[in-house]
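**Q**
Okay, structure coming up:
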């Protein structure tokens, strides 16, 4: 398996959580109850997996390796990706803050939760598309096959670096739980829709 394959597999997990987040946000935007803890957990996933694991691999390993092999050090695709990572972090902070306010009983925070969730999901979907279709093929061209093992080993070090953070496996389990919870919200609203 190549390093890019690992990143693409992580994209699929992130997309699964984006689906769940968008579903729960739609539920909340219709005025249906959606637990604040779902959005707090989604923010935890985004910070721990999408940013803490996935983006750290890109920023700490992939992008510097690409630059060593000819990718422009500034003004190119990598700079765009770094800017989008920062924008994603901002959305996650907004989502966490609004979800805490919702949890504290501020019903007006629901709009902010929905806006942050939708903004984050839209940004990440576009970002993932750019990486899958443009950046990762470029990385495959630039990084010599003989360096793939080094990049994979560096990825593993990123996953193991923060002993206090949830493990990769715990974050994958959280992704599964968020998906099930979002499915449960949709299932709960369907009988009410049929009754109308």
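Residue numbers (the working numbering): 27 to 222. Glycine is no exception: its CB is placed at the ideal position from the N, C-alpha and C atoms.
(1) Going by C-alpha to C-alpha distance, which of 71, 79, 124, 67 sits closest to residue 186?
(2) What residue range does the alpha helix (DSSP H) around residue 30 cover?
(3) Under 7 Å Cβ to Cβ from residue 149, same chain only, skipping five residues before and after it: list those, please.
(4) Do you know offhand how far residue 31's Cα is from residue 211's?
(5) Expressed to the nearest angstrom, what Euclidean distance is found between the alpha-carbon atoms of residue 214 and residue 139?
(6) Please go through the segment 89-150 and give each complete alpha helix (DSSP H) segment of 4 or more residues, from N-terminal end onward.
(7) Who are the Cβ neighbours of residue 87 in its own chain at under 7 Å, not counting the five residues just before and after it?
**A** A quick look at the data gives this:
(1) Here residue 186 refers to the residue found at position 160 of the chain shown. Closest by alpha carbon: 79.
(2) Start at 1 with the first residue of the chain shown, and residue 30 comes out as number 4. 29-55 is the extent of the alpha helix (DSSP H) around residue 30.
(3) Mapped onto the chain shown, residue 149 falls at position 123. These residues qualify, in order along the chain: 110, 113, 114, 117.
(4) As a first step, residue 31 must be located in the chain shown, where it is residue number 5. As a first step, residue 211 must be located in the chain shown, where it is residue number 185. Between residue 31 and residue 211, the C-alpha separation is close to 32 Å.
(5) Locating residue 214 in the chain shown gives position 188, where the first residue counts as 1. Locating residue 139 in the chain shown gives position 113, where the first residue counts as 1. Residue 214 and residue 139: Cα-Cα distance of roughly 20 Å.
(6) Qualifying alpha helix (DSSP H) stretches, in chain order: 89-94, 103-129.
(7) Taking the first residue of the chain shown as position 1, residue 87 is located at position 61. Excluding positions up to five away in sequence, the list reads 177, 180, 181, 184.
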